[in-house]
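Accompanying notes for the structure given below.
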Amino acid sequence: MTMRKSKTTEAPNMFGELLKGAVTASAVSLLLIVMYAAAMWQQWLSTDSISIVNTGIKVVSAAVAGIVVARRCRECAWLYGAAAGLIYSAFAFVIFSILSDTFVLSLAALADLGIGVLAGMLSAMIFKAAK
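Quick note, the sequence shown lines up with residues 32 to 162 if you use the numbering used here.
See below:
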């Protein structure tokens with residue numbers, strides 16, 4: 032007879048959680064982009080708001096990635112949140128580079144990676160502090 036370990040004593044697979052966070056954040060990003068496109072189509076928002084809304088979508092999505100990872104992490108939530116934000120930002124950069132048929136690593140792209148790291152880290156820290 033073998034004894035099974037309970038789920039509460041097993042350490043979570045953090046690499047899998049990081050990927051889950053990036054995929055979840057990408058889905059949130061896609062949903063927010065579709066909602067923004069619908070708002071522009073209805074002419075509720077002008078094209079002048081594209082850069083602001085684009086940055087907001089990236090911040091919210093990276094924060095979602097950080098929270099998804101922080102839910103399962105036992106310690107160093109800020110580090111895993113930062114990693115989740117970075118992975119999401121890199122994932123989004125690659126996807127949008129493929130869709131736009133250009134792959135240019137510019138200062139703006141590096142700033143987006145930094146914003147992703149900060150948003151993921153801060154959201155994980157706030158989530159853990161509030162818990």
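Ideal Cβ placement from N, Cα and C applies to all residues, glycine included.
Straight-line gap, residue i to residue j (C-alpha atoms, nearest Å)
i, j, result
"I126", "S82", "18 Å"
"A121", "A155", "18 Å"
"S57", "Y119", "7 Å"
"M45", "V100", "8 Å"
"G151", "L61", "18 Å"
"Y111", "S92", "15 Å"
"G145", "L117", "7 Å"
"F134", "A114", "22 Å"
"I157", "Y67", "27 Å"
"A160", "I98", "12 Å"
"D79", "T55", "28 Å"
"R103", "V84", "30 Å"
"A139", "V59", "22 Å"
"K51", "A108", "15 Å"
"L149", "W75", "30 Å"
Span of the alpha helix (DSSP H) around residue i
i, result
"E48", "M45 to W72"
"L110", "A108 to S131"
"V84", "I81 to R103"
Helix, strand or coil at residue i [DSSP, three-state]
i, result
"L141", "helix"
"L136", "coil"
"L154", "Going by the sequence as given, residue 154 is Ser instead of Leu. S154 falls in the helix class under three-state DSSP."
"K159", "helix"
"L149", "helix"
Does the stretch 68 to 81 come into contact with the stretch 128 to 135, if we say contact requires no fewer than three beta-carbon pairs (one atom in each stretch) closer than 8 Å?
With a cut-off of 8 Å on Cβ pairs, the stretch 68 to 81 is not in contact with the stretch 128 to 135, counting fewer than three such pairs.
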